[in-house]
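**Q** Protein chains in written order, with the working numbering: chain Z, 2 to 171; chain G, 2 to 171. Just so it is clear, CB atoms sit at the ideal spot from N, CA and C, and this is done for glycine as well.
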């Protein structure tokens, strides 16, 4: 009976994962497009997702940022649902700060820098609060060493908000 | 024949306005919810619109901002269409800058301040480059004097971009 048991166990595990994956996965994860450790990829169509909040990152990064979320994320934010449900995906876009050439008091987006992704899958990422992380430059994941820093910081600083820094901007 | 002529003229004017209006109008414009001079109202559902770009406004306003656009606006930005087509609506959300209580180098949205709206209707707003303007605090339009400043500044500074400051953030 062991093979059958294993098969049933595998099916039980795969079904929720497949459902969650369907809400955010893009092309198949490969070493070229998926983050080390987590296997997170840049979700298709994220640039059309709803704004959660803008932010500003001081020097040395000196960036303007905007976090957008998929529908599961937006619904959770609006309802105040914590922890975020499986299938939540957040994407942070970032650009170098640039003085507006047309308006003295305005700072606007310059060159795009990184795209950062958080994916909630409480089973797959059980060891990191249910979150998988991905940091991308020019569409390519950065190295393993950078990805090793994600969880420690989120865990230390925003445990009370399900390890997510960004709040919904009203 | 004069009454008939006038009626035909009115119909010709109303048809494109009605089409354009359908893409952005919310409840009927009244002195309570519509901007002075322009009669612009806050469009329904704008908070779900796609991000065009975030921005930062220095002191004394000291704001984080994000401009979102309706589908006509987004399509025009992506295609590089200038002037923006009738029916384009842009909404700028603004919040006071606030030091993140959780991350030393981050500035995040504090209290919401204004919502500012630009509506393209080349006939209705022919005298102001085809744009109608609305500036709102707590959902209520600010006074006529403030609305008198919109066009002069947009006209003086961003004529080459159809009087729109914001560029699409890649």
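Would the stretch 29-37 of chain G count as touching the stretch 52-66 of chain G if we require 3 or more Cβ pairs under 8 Å?
**A** no
**Q** State the DSSP-derived secondary structure class of residue 73/Z, mapped to helix, strand or coil.
**A** Here residue 73/Z refers to the residue found at position 72 of the first chain. When secondary structure is reduced to three states using DSSP, residue 73/Z falls in the helix class.
**Q** Report the rounded CA-to-CA distance for residue 137/G versus residue 117/G, giving the unit in angstroms.
**A** Here the question's residue 137/G lines up with position 136 in the second chain. Here the question's residue 117/G lines up with position 116 in the second chain. If I take the Cα positions, the gap works out to 6 Å.
**Q** Are the C-beta of residue 49/G and some C-beta of chain Z separated by less than 8 Å?
**A** As a working mapping, residue 49/G is identified with position 48 in the second chain. Judged by the 8 Å Cβ criterion, residue 49/G is in contact with chain Z.
**Q** Do residue 120/Z and residue 68/Z have their C-beta atoms within less than 8 Å of each other?
**A** For the purposes of this step, residue 120/Z is taken as the residue at position 119 of the first chain. For the purposes of this step, residue 68/Z is taken as the residue at position 67 of the first chain. No; because the gap between Cβ atoms is not below 8 Å, this pair is not in contact.
**Q** Going by beta carbon distance, what residues of the same chain come within less than 6 Å of residue 216/Z, once the five residues before and after it are set aside?
**A** What the structure shows of chain Z is the stretch from 2 to 171, and residue 216/Z is not part of that stretch, so it cannot be assessed.
**Q** Within 10 angstroms of the Cβ of residue 154/G, are there 16 or more other Cβ atoms? Answer buried if so, exposed if not.
**A** Position 153 of the second chain holds residue 154/G. With fewer than 16 Cβ atoms within 10 Å of its Cβ, residue 154/G is classed as exposed.
**Q** With distances taken between CB atoms, is the gap from residue 70/Z to residue 51/Z smaller than 8 Å?
**A** Reading the first chain from its first residue, position 69 is the one you call residue 70/Z. Reading the first chain from its first residue, position 50 is the one you call residue 51/Z. Yes.
**Q** Can you name the residues of chain Z whose CB is closer than 7 Å to the CB of residue 69/G?
**A** Walking along the second chain from the start, residue 69/G turns up at place 68. Chain Z residues near residue 69/G: 52.
**Q** With distance defined between alpha-carbon atoms, name the residue in 58/G, 171/G and 146/G nearest to residue 103/Z.
**A** Working through the first chain from its first residue, we reach residue 103/Z at position 102. The candidate whose alpha carbon is nearest that of residue 103/Z is 58/G.
**Q** Contact criterion: CB-CB distance below 8 Å. Does residue 103/Z meet it with respect to chain G?
**A** The sequence position of residue 103/Z within the first chain is 102, counting from 1. Yes, because at least one Cβ of chain G sits closer than 8 Å to the Cβ of residue 103/Z.
**Q** Where does residue 88/Z land, buried or exposed, given buried means 16+ other C-beta within 10 angstroms?
**A** In the first chain, counting from the first residue as 1, residue 88/Z sits at position 87. So residue 88/Z ends up on the buried side.
**Q** Between which two residues does the beta strand (DSSP E) holding residue 156/Z run?
**A** Your numbering for residue 156/Z matches position 155 in the first chain. Looking at the DSSP string, residue 156/Z is not in any beta strand (DSSP E); the run it does join, the alpha helix (DSSP H), is 151-158.
**Q** In the DSSP output, which residue or residues are listed as bridge partners for residue 98/Z?
**A** In the first chain, residue 98/Z corresponds to position 97, counting from 1. Note: residue 98/Z sits in a beta bridge opposite 110/Z.
**Q** Quick one, which residues of the stretch 76-96 of chain Z are near chain C if we go by CB-CB under 9 Å, in chain order?
**A** Considering every chain present, this structure includes no chain C. Its protein chains are Z and G.
**Q** Would you tell me roughly how many angstroms separate the C-alpha atoms of residue 169/G and residue 53/G, rounded to the nearest one?
**A** Numbered from its first residue, the second chain carries residue 169/G at position 168. Numbered from its first residue, the second chain carries residue 53/G at position 52. Taking the straight line from one Cα to the other gives about 5 Å.
**Q** Reducing DSSP to helix, strand and coil, say where residue 115/G ends up.
**A** Mapped onto the second chain, residue 115/G falls at position 114. In the three-state scheme derived from DSSP, where H, G and I count as helix and E and B as strand, residue 115/G is classed as strand.
**Q** Check whether chain G comes within 8 Å of residue 114/Z, counting only Cβ atoms and requiring the distance to be less than that.
**A** Within the first chain, the letter at position 113 stands for residue 114/Z. Answer no: the Cβ-Cβ gap between residue 114/Z and chain G never drops below 8 Å.
**Q** Using 8 Å for Cβ pairs, my map puts residue 56/Z next to residue 143/G. What's the rounded Cβ distance?
**A** As a first step, residue 56/Z must be located in the first chain, where it is residue number 55. As a first step, residue 143/G must be located in the second chain, where it is residue number 142. Not quite, the Cβ-Cβ distance comes to about 27 Å (not below 8 Å), so this is no contact.
**Q** Identify, in the order they occur along the chain, each residue of the same chain with its Cβ nearer than 7 Å to the Cβ of residue 84/G, setting aside the five sequence neighbours on each side.
**A** Walking along the second chain from the start, residue 84/G turns up at place 83. Excluding residues up to 5 positions away in sequence, 131 and 163 lie with their Cβ nearer than 7 Å to the Cβ of residue 84/G in the same chain.
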